[in-house]
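Step one of this worksheet: look at the structure below.
Quick look at the structure:
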């Protein structure tokens, strides 16, 4: 069965990665995980934009501070909302699972970045 919920998929992929040391399989899991991570952050960003659209700047600053994503002076509102979305996503079990998946893959030399030197 193909999982369409990025959060659930990331949890599944991270669990699968813990039970393999096959480089091809880890590469496949990491690629799927990266796609799911991108979908997850996009969902959270969309939700945060919707939730913050009617907040005044002071209320948004409070929301950012509560998420440990302080709205720095000179930063545009849109960037503050993006930083808030990332901070909220980064603390989810799904995002943490992706970090674990990356670490497992890295342990076996698997990366999405071609690091070969010619």
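Numbering (the numbering used here), first residue to last: 2 to 119.
Beta carbons are placed, not taken as given, at the ideal position from N, Cα and C, and that holds for glycine.
- Proximity to residue 93 across 77, 29, 72 and 68 peaks at 68, based on C-alpha coordinates.
- Shown here, residue 76 sits in coil according to DSSP, grouped into three states, outside any helix or strand.
- In this structure, the alpha-carbon of residue 51 lies about 15 Å from that of residue 80.
- Cβ neighbours of residue 88 within its own chain (closer than 7 Å, five residues either side excluded): 68, 69 and 70.
- A Cβ-Cβ separation of about 6 Å places residue 90 in contact with residue 41 under the 8 Å criterion.
- Taking a C-beta distance under 9 Å as the contact criterion, residue 11 and residue 95 qualify as a contact pair.
- Rounded to whole angstroms, the gap between the alpha carbons of residue 109 and residue 19 is 12 Å.
- Comparing alpha-carbon positions, the option among 104, 13 and 7 lying closest to residue 45 turns out to be 7.
- In the three-state scheme derived from DSSP, where H, G and I count as helix and E and B as strand, residue 20 is classed as coil.
- The Cβ atoms of residue 14 and residue 99 sit closer than 9 Å to each other.
- The alpha-carbon of residue 49 is positioned some 8 Å away from that of residue 85.
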